[in-house]
Amino acid sequence: MTVGQHSYAIGKLDVFSQAHVSRRIAPVIPTIAPLLTEVAKGGIQEMVDKLELASKDENGGAVLADVDLSGLAKAALPFADALAGMSDENADYVLKKCLSVVKRDTGGGLANVCSNGSLMFDDLELGEILPLVIAVLRTSLGNFIRGLVTKATIENQPT
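Heads up: the sequence shown at position 138 corresponds to 208 in our numbering, and the numbers run straight through without jumps.
Here is the structure:
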């Protein structure tokens, strides 16, 4: 996965970390599901790719004009609100645990993005970290979240 000017390898959380992360994000799972759906459609990667092009292209506005991000925006707003409602401790845990399985291609090999709770690269910003965290959540918890959402949808069907 490429984010910004760097390529990353997205790992998978071990089963115990999956359990601990899922406990912390359980209150926001209903808002994560639409976001994961948009990610599955390529929404975030397309947005990152187009923003990268726009930053290099004199006609950046025209490049962005042909990208439909409405679904992603609708999905991301409730997720951002839910994330804002998480305690700092839970948000830090989820971010750091997810980033602990991400590696950056340094040109000479792969290096951990986060080790022992500390970011290993000073140039990382929130706009780069969030797509990486979402990719880890999708890889590690996608089936679990999909199952919960399917179950909730079935239970909420009128009889």
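Virtual Cβ for every residue (Gly too), placed ideally from N, Cα, C.
Thinking residue i and residue j are a contact (beta carbons under 8 Å), I'd like their distance in whole angstroms, please.
i           : j              : result
arginine 94 : asparagine 160 : 4 Å
lysine 166  : tyrosine 78    : Rounded, the Cβ-Cβ distance is 16 Å, inconsistent with contact.
Report the rounded CA-to-CA distance for residue i versus residue j, giving the unit in angstroms.
i                : j              : result
aspartate 175    : isoleucine 80  : 11 Å
glycine 197      : leucine 153    : 14 Å
methionine 71    : valine 206     : 11 Å
glycine 187      : aspartate 162  : 9 Å
glycine 212      : aspartate 193  : 28 Å
isoleucine 48    : methionine 190 : Residue 48 is absent from the model: the chain starts at 71 and stops at 229.
phenylalanine 86 : arginine 208   : 16 Å
aspartate 151    : histidine 90   : 21 Å
Nearest chain D C-beta to residue i closer than 8 Å, yes or no?
i         : result
valine 85 : Structure shown: chain D not included; a single protein chain is present.
Would you mind stating whether residue i and residue j have Cβ atoms separated by less than 8 Å?
i              : j            : result
methionine 156 : valine 203   : no
valine 171     : lysine 82    : yes
serine 210     : glutamine 88 : yes
On a Cα-Cα basis, can you pick out the residue from the options that is closest to residue i?
i            : options                      : result
cysteine 168 : Leu194, His76, Tyr78, Cys184 : Cys184
valine 73    : Glu195, Gly178, Phe86        : Glu195
Just grab the DSSP bridge partners of residue i for me.
i             : result
isoleucine 80 : Val172
alanine 181   : Arg174
leucine 189   : Cys184
valine 73     : His76
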